[in-house]
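Top to bottom, those sequences are chains A and B. Numbering-wise (this note's numbering), the first sequence opens with residue 1 and increments by one. Numbering-wise (this note's numbering), the second sequence opens with residue 1001 and increments by one. The beta carbon of each residue, even a glycine, is placed where N, CA and C say it ideally should be. Here's the structure we're looking at; comments come further down.
2 protein chains.
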Amino acid sequence: MNHGNLLGEILAILAEEELRPLLATPDLRIERIVSTGQASPPGFWYDQDWAEWVLVLVGQAGLLIEGEVAPLLLTAGSYVYLPAHCRHRVEWTSTETPTVWLAVHHR
Amino acid sequence: MNHGNLLGEILAILAEEELRPLLATPDLRIERIVSTGQASPPGFWYDQDWAEWVLVLVGQAGLLIEGEVAPLLLTAGSYVYLPAHCRHRVEWTSTETPTVWLAVHHR
């Protein structure tokens, strides 16, 4: 049985975002991402072949969808569905506490 | 853009578990479940054709997998992967605070 806790083993400060795969099938990928202040590089947009359903468990982030005026504020419990090729970027993540994301990518 | 908050709109006391669909494709179903003390009926086992990756966001629950001696204690952040036809039952959920689950069912 594969089990664990998404809020365990979080380092306070990381140089880069930490990505931990939790489940992978040919059509589905579930992963935990921990951000500690990271943001997408200037001018960078995610443009993914797979759709992504993403949830913030703890922390805060600003997610900008291309064409929107302002980033969406994500806090504990916030989720967003990003269809394939919905261009988006992470404008900021909290620098005070780690932000833990659950990302469900699917084809 | 489909977005929201999993911790919003939680009623304190519900007669039955509340199930809210969040995403559905032919091979994937994401839903929020809110339990307020409910448990599986005596002798009942879930035996599902699809696999389920399940996460507790807040609250507490005891999940019994067939063949295990004791239920697994699930608290905030706990996740479990239940392959298709892995028989299991919810022994109990917290009666003090709502338990919010995220269930990702996939084929």
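Helix, strand or coil at residue i according to DSSP, with G and I counted as helix
i, result
"S1078(B)", "strand"
"E96(A)", "coil"
"R1087(B)", "coil"
"L73(A)", "strand"
Whole-Å CB distance - residue i paired with residue j, under 8 Å assumed
i, j, result
"V54(A)", "V100(A)", "Not a contact, Cβ separation roughly 11 Å."
"H1085(B)", "L1028(B)", "Not quite, the Cβ-Cβ distance comes to about 18 Å (not below 8 Å), so this is no contact."
"P1083(B)", "A1051(B)", "5 Å"
"V1058(B)", "L1007(B)", "7 Å"
"S1078(B)", "N5(A)", "5 Å"
For residue i: DSSP bridge partner residues
i, result
"H105(A)", "R29(A) and E52(A)"
"G4(A)", "Y1079(B)"
Below-8 Å beta-carbon distance, residue i vs any chain D residue
i, result
"G1059(B)", "The structure shown contains no chain D; its protein chains are A and B."
Output the residue ranges of the beta strand (DSSP E) runs that lie fully inside the stretch 13 to 69 of chain A and measure 3 residues or longer, sorted by chain position. Scanning the stretch 13 to 69 of chain A from its first residue to its last, the whole beta strand (DSSP E) runs of 3-plus residues come out as 18 to 25, 28 to 35, 51 to 58 and 61 to 65.
Pairing CB atoms from the stretch 1021 to 1041 of chain B with CB atoms from the stretch 1072 to 1090 of chain B, are three or more of them under 8 Å? Enough Cβ pairs lie closer than 8 Å, so yes.
Three-pair Cβ contact test at 8 Å for the stretch 1010 to 1017 of chain B versus the stretch 60 to 67 of chain A: In short, these stretches do not touch, since the Cβ pair count stays below three.
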